[in-house]
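Remarks on the structure that follows.
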Amino acid sequence: QYQSRYYTIRSLQDTLVIDVVIHEEGLVTSWASGPCQGDEVGLTDPKGSFAPAPETRWVVLAGDLTALPAMARIAEECELEVKIHAEAPKPIEGYFPDYADVTWHQCAPGESDLAQIVAGVEWQPSPGYFWMAGESAQMRELRRFARHTMGWSSAEYDVMGYWSEARGTARRSPGRHGRGPND
2 QYQSRYYTIR SLQDTLVIDV VIHEEGLVTS WASGPCQGDE VGLTDPKGSF APAPETRWVV
62 LAGDLTALPA MARIAEECEL EVKIHAEAPK PIEGYFPDYA DVTWHQCAPG ESDLAQIVAG
122 VEWQPSPGYF WMAGESAQMR ELRRFARHTM GWSSAEYDVM GYWSEARGTA RRSPGRHGRG
182 PND
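With the sequence shown counted from 1, adding 1 to any position gets you my numbering.
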């Protein structure tokens, strides 16, 4: 059955480059760990959610390994000063542009302290924009933080659950995405 996942295009020159996190198990891990060159994949229109208002003066990005490609692309394309909080088992030298202000937060594989990291950020006065992505349950907690603790409007932040620890390797129902090409 056709399965879909969203990924950030890291670059597109002569070759389409997509960074993928390899976990112990998972649908994309199974595919990406094997010989996938030449496999057929489907592409859709960009779904980018990074949308700071014109008056925005600062940008803070935060995320786990799954958010690194999107954060790198935002840092490369954003004309504003960008502060990045990247959570990974170890820093990945050279992953972000040299001019980006990056703080690496080390964590054990499968663990995350993103909620505590974000709560500890020294926030500048508005207008600013906060973008974050990671595990879905933590992102719900961080949406509440942005809305209730910080008092931001929904136009001042975007927090997305990229994956779910609870779902693991469960297959998604085609649901609203429709039927696959072989159905």
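Virtual Cβ for every residue (Gly too), placed ideally from N, Cα, C.
Within the stretch 26-80, the runs of beta strand (DSSP E) that reach at least 3 residues and sit entirely inside it are, in chain order, 59-64. In summary, Leu115 is buried, with 16 or more beta-carbon neighbours lying within 10 Å of its beta-carbon over all protein chains present.
Ala167 carries a coil assignment under DSSP once its states are collapsed to helix, strand and coil. The closest CA to that of Ile10, considering only Gly27, Pro70 and Arg58, is found on Pro70. Setting aside the 5 residues that flank it on each side, Thr57 is surrounded in the same chain by Leu81, Pro128, Gly129 and Tyr130, each with a C-beta closer than 7 Å to its C-beta; the list follows chain order. With 16 or more other Cβ atoms from the protein chains shown falling within 10 Å of its own Cβ, Ile85 counts as buried.
Residue environment analysis places Ala63 among the buried positions, since at least 16 neighbouring C-beta atoms fall within 10 angstroms of its C-beta. No residue range can be given for Ala109, since it is assigned to no beta strand (DSSP E) and is classified by DSSP as neither H nor E.
In this structure, the straight-line span from the alpha carbon of Glu112 to that of Trp124 is close to 25 Å. For Thr104, the beta-bridge partners assigned by DSSP are His86.
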